[in-house]
Amino acid sequence: MKEKEKQAKEEEFLSPKEDVKEEGEDTAGQEEEKEEREKTPGELLEEKEAMIKEITDKYMRALAEVDNARKRASKDRDDLVKFMKSEYVREFIPVMDNLDRAVHASKDADDVKTIKQGVEMILKQFEGIFSKLGIKEIKAKGVFDPMVHHVMHKEHAENKKEGEIIEVYQKGYEMDGMVVRPAMVKVATKKGSEQ
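Going left to right, the sequence shown walks through residues 523 to 717 as our numbering numbers them.
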């Protein structure tokens with residue numbers, strides 16, 4: 523038995539162990555390092571240029587996506603404006619129809635009272651549409667307000683305060699708190715400061 527044990531020890535000593543590396547064998551990390559060291563400057567340059575090209579391509583695609591999103595948003599906004607305009611126009615078409623009828627009826631009517639009633643009905647229809655759309659008449663009474671009134675003329679008035687509205691030449695309108703058209707007015711001034 524002694525001889526068998528001796529022989530086993532010799533074989534163990536002579537045979538290579540698994541974790542002992544044979545000549546030329548490297549670990550994966552060492553191989554990569556070796557490859558990096560072995561690359562020529564030209565190869566490294568090509569590799570870096572490929573990376574730059576890839577990053578540039580991604581950047582250009584992102585820019586194109588942003589530009590396309592901007593164009594879509596602009597088109598959507600334009601479409602919304604067109605839709606809103608068509609909604610407003612749709613509200614006024616019946617008024618136009620009634621004005622057309624009134625003009626045709628006035629050709630045959632000799633009665634001014636009937637024509638006046640027709641025009642008053644159309645005016646009420648306009649007022650109803652304005653109310654529905656949130657359009658309100660700007661009050662042009664009292665003191666001049668440059669935010670909602672536009673002075674067309676100034677005149678001396680004994681019984682009026684400085685800047686008080688004397689006359690309205692044209693009504694003004696606002697919609698949702700925004701002035702659509704200011705009221706055109708005449709205001710009172712002190713004697714000698716008329717324009």
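From the three backbone atoms N, C-alpha and C, an ideal C-beta is built for every residue, glycine too. Model, not experiment: these values are computed from the prediction.
Ranked by Cα distance from Glu677, the options Thr562, Ile651, Val701, Val709 are led by Val709.
In this structure, Ile657 sits away from Val670, with a CB-CB distance that is not shorter than 8 Å. With distances taken between CA atoms, Met643 lies nearest to Met618 out of Met618, Asp632, Glu689, Phe666. Of the residues Phe652, His675, Lys713, Thr711, the one whose Cα lies closest to the Cα of Glu696 is Phe652. When the five nearest sequence neighbours on each side are left out, the beta carbons in the same chain lying within less than 6 Å of the beta carbon of Gly685 are those of Val665, Phe666, Val709, in order along the chain. Pairing Glu649 with Leu655, the inter-Cα distance amounts to about 10 Å. In terms of Cα proximity to His672, the closest of Ala679, Ile688, Lys682 is Ile688. With contacts defined as CB atoms closer than 8 Å, Val707 and Ala662 qualify as a contacting pair.
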